[in-house]
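Chains Y and F supply the protein sequences, listed in that same order.
Per the numbering used here, the very first residue in the first sequence carries number -3; after that it's consecutive.
Per the numbering used here, the very first residue in the second sequence carries number -3; after that it's consecutive.
C-beta atoms are modelled at their ideal positions from N, C-alpha and C, and glycine is treated no differently.
Number of protein chains: 2
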Amino acid sequence: MIKTIILKKRPVGTPTLADFELIKEEKELKIEEGEILLETKYLSVDPYLRGRMSDAKSYVPPFEVGKPINSGLIAEVIESKNDNFKKGDFVSNRLDWKTVQVSKGEGLQKVDPNKAPLSAYLGIVGMTGLTAYLGLHEIGKPKKGETLVVSGAAGAVGSVVGQIGKILGLTVIGIAGSDEKVELLKSEFGFDHGINYKTTDDMKAAINEAAPNGVDIYFDNVGGEISDAVLFSINKFARMIICGAISVYNSTEIPTGVSVQPFLIKNSALMQGFIVSNYADKFPEAMKQLSTWLGEEKLTYRETIVEGFENTPQAFLDMMAGNKKGKMVVKA
Amino acid sequence: MIKTIILKKRPVGTPTLADFELIKEEKELKIEEGEILLETKYLSVDPYLRGRMSDAKSYVPPFEVGKPINSGLIAEVIESKNDNFKKGDFVSNRLDWKTVQVSKGEGLQKVDPNKAPLSAYLGIVGMTGLTAYLGLHEIGKPKKGETLVVSGAAGAVGSVVGQIGKILGLTVIGIAGSDEKVELLKSEFGFDHGINYKTTDDMKAAINEAAPNGVDIYFDNVGGEISDAVLFSINKFARMIICGAISVYNSTEIPTGVSVQPFLIKNSALMQGFIVSNYADKFPEAMKQLSTWLGEEKLTYRETIVEGFENTPQAFLDMMAGNKKGKMVVKA
Chain Y
-3 MIKTIILKKR PVGTPTLADF ELIKEEKELK IEEGEILLET KYLSVDPYLR GRMSDAKSYV
57 PPFEVGKPIN SGLIAEVIES KNDNFKKGDF VSNRLDWKTV QVSKGEGLQK VDPNKAPLSA
117 YLGIVGMTGL TAYLGLHEIG KPKKGETLVV SGAAGAVGSV VGQIGKILGL TVIGIAGSDE
177 KVELLKSEFG FDHGINYKTT DDMKAAINEA APNGVDIYFD NVGGEISDAV LFSINKFARM
237 IICGAISVYN STEIPTGVSV QPFLIKNSAL MQGFIVSNYA DKFPEAMKQL STWLGEEKLT
297 YRETIVEGFE NTPQAFLDMM AGNKKGKMVV KA
Chain F
-3 MIKTIILKKR PVGTPTLADF ELIKEEKELK IEEGEILLET KYLSVDPYLR GRMSDAKSYV
57 PPFEVGKPIN SGLIAEVIES KNDNFKKGDF VSNRLDWKTV QVSKGEGLQK VDPNKAPLSA
117 YLGIVGMTGL TAYLGLHEIG KPKKGETLVV SGAAGAVGSV VGQIGKILGL TVIGIAGSDE
177 KVELLKSEFG FDHGINYKTT DDMKAAINEA APNGVDIYFD NVGGEISDAV LFSINKFARM
237 IICGAISVYN STEIPTGVSV QPFLIKNSAL MQGFIVSNYA DKFPEAMKQL STWLGEEKLT
297 YRETIVEGFE NTPQAFLDMM AGNKKGKMVV KA
């Protein structure tokens, strides 16, 4: 039995389970020479997938209605007619949401379950960690003693950004959506300050108080009103890494907010959209650094593992609603 | 008789003549050893002065109420007790709005009236030209064949940006506020396309039509709705030089508009606030290039010269209202 999750229809606003469909097929997959058979072990659910569910120009093409969704997956090679892979290998790549699938091996990265848990290759030593590390370094250009604000701070990327900030000697302020998350930022991830935006009336004042010397770097995972509030505290030559805008991904109208341009002019400040895949040439160096820090226990991570391939759409919805800590993965 | 223009009170919204005061004093200025006496010849009126009239943190400190306003000036040395300057020299610097003033010579740049008209040192071979050249090069990083959009295109900076764009082999689209200005963009400054935003209902569609290959560089002098519309046509890796936001400088509320963050993420695009003074180390190289192009007649410029020192506030108001072409200067 092969299970596949397809995009049944394009979500309007907040996605629901009705936008997805689980298809079960009783068939056996045969592989040709040069091919391998992959069995899915872990699936990654991420905010950027919401964008791909809409029919809009973006940095990755939209999913097609009626076709499988795809995202970062960890799979095991269960049969191989390709010399580069043998049975029992584990691989990672952007792959279809299927329990079993055929691959020619193109683009697959082998991952070693003895070096890190398999699920970590979707997180701290995978795209999540790379996004945090490369966004902060390549755009943020952090200097010791500076102040870093991170939104979506308890999320997969945000929690790593903050920890790297601390390793580099920055003052780190995290913004998250519950007291429990804010506590976690400080107790587990070493942030200096945490702000619960859901219980804070005046975000401008709260950020100003947490960052008395102003904000030099803003790592933005959420967009919307939280990011608007940060603008009022930025310093001259501030760098804003625009990595995600989860707060507006479900918008059916074009989102509006405070005009950023006057703030950019006043402060000679920079805002740059960040997509990790633009920095593929830096992946090896970044992964090495992340693995080293992980080995030295300078980095820690949280993950929420949902059991069961069929529950992937629900896991995606929960992740979008903020009902998790750290990286959300599904164990197939 | 010495005339001085002071800031009488801080403008609220659009400035009016009542915010300024002309003071006449019957006195004779005496200079000490090391000093020179300067007679104002030309005064520059620029959009950024509006920001300095408000009591807000910005990249230059606000003007003080009751004190003279200052801006770029060209003055003649009419008496000298400083070995570095002799009577008859012409100098340029940010100086007080006074007909006559004493200086110790600090920060003064000598300018040669035989190489370019004196007023041009406030424009094409002064801050205006430097702003256009350095903003386009340092942030825009133009590559032959790319598409450049310029807002405030018939203005002092915008008209130079477009001409440099053409010299560098770009497709150049200008946005301006009258049919006459749009005609000037094409006939005099060599722009490929012009859009009159005042008579265009759908700016998004107009930009899209003028830039069928998308927008690679946006040189933004105006902010507001025009800049919002440009976002919908930007290409991957677009660079947006945020040089001015004249459309919102008179706002008494915090301006709002389309959220830029989703556009930046989708396109891995960059927005950077640009202040020419951050690039002072590049001025000599840039001035040399601008003078060369001017000498080769590859660059042309328009200026509106208002006669009479007393008319400086009115000239400033007219400039802010868009009632001029090219660089606005006052002949004292």
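Quick one: is residue i near chain F, going by C-beta distance under 7 Å?
i	result
Y/Ser273	no
Y/Gln105	no
Y/Ala282	no
By the three-class DSSP mapping on this structure, what secondary structure does residue i have?
i	result
F/Asn217	coil
F/Ile65	coil
Y/Glu299	strand
F/Ala112	coil
F/Arg6	coil
Y/Asp85	coil
Y/Ala234	strand
Y/Lys323	strand
F/Ala206	helix
F/Met316	helix
F/Ile271	coil
F/Gly131	helix
Y/Phe16	strand
Y/Ile163	helix
Y/Ile120	coil
F/Glu179	helix
F/Asn192	strand
Y/Tyr44	helix
F/Ser243	helix
Just confirm the distance between the C-beta atoms of residue i and residue j, as a whole number of angstroms; I'd bet it's less than 8 Å.
i	j	result
Y/Ser88	Y/Lys82	16 Å between Cβ atoms; not a contact.
Y/Glu303	Y/Lys327	5 Å
Y/Glu299	Y/Val325	6 Å
Y/Val211	Y/Asn192	18 Å between Cβ atoms; not a contact.
Y/Pro309	Y/Leu13	6 Å
Y/Leu114	Y/Ile70	5 Å
F/Ile1	F/Leu25	In fact, because the Cβ distance is near 17 Å, the residues do not count as touching under 8 Å.
Y/Gly253	F/Thr95	The pair is not a contact, with the Cβ atoms about 46 Å apart (cut-off 8 Å).
F/Leu181	F/Ala172	6 Å
F/Val156	F/Gly122	The pair is not a contact, with the Cβ atoms about 11 Å apart (cut-off 8 Å).
Y/Ser255	Y/Ile222	Not really, about 16 Å apart at Cβ, beyond 8 Å.
Y/Val218	Y/Gly148	5 Å
Measuring only between beta-carbons, confirm whether residue i sits less than 7 Å from chain Y.
i	result
F/Gly255	The identity of residue 255 of chain F in the sequence shown is Ser, whereas the question assumes Gly. Chain Y contact via Cβ: present.
F/Pro43	no
F/Ile238	yes
F/Thr252	yes
F/Leu266	yes
F/Gly219	yes
Given that residue i touches chain Y, what residues does it touch there, using C-beta distances under 8 Å?
i	result
F/Thr248	Those do not exist, as F/Thr248 stays about 13 Å from chain Y at its closest Cβ, beyond 8 Å.
F/Ala241	Ser255, Gln257, Pro258, Ile261
Beta-carbon separation of residue i and residue j under 7 Å?
i	j	result
F/Gly9	F/Thr248	yes
F/Tyr38	F/Leu118	yes
F/Gly158	F/Val145	no
Y/Gly131	Y/Phe228	no
F/Asp85	F/Pro64	no
Y/Met(-3)	Y/Lys20	yes
F/Lys323	F/Ala152	yes
Y/Val107	Y/Glu31	no
Y/Arg235	Y/Leu260	no
F/Gln257	Y/Ala241	yes
F/Val226	F/Ile203	yes
Y/Pro57	Y/Asp51	no
F/Gly136	F/Ile237	yes
Identify the contact partners of residue i in chain F, using a Cβ-Cβ distance below 7 Å as the criterion.
i	result
Y/Asn263	Gly269
Could you tell me which chain Y residues have their CB closer than 7 Å to the CB of residue i, listed as they occur along the chain?
i	result
F/Ala276	By Cβ distance, chain Y contributes nothing, its closest Cβ being about 13 Å from F/Ala276, past 7 Å.
F/Asp216	Gln257
Applying a beta-carbon distance threshold of less than 8 Å, which residues of chain F neighbour residue i?
i	result
Y/Ser223	Gln257
Name the chain F residues that come within less than 9 Å of residue i, Cβ to Cβ?
i	result
Y/Val244	Ser255, Gln257, Pro258
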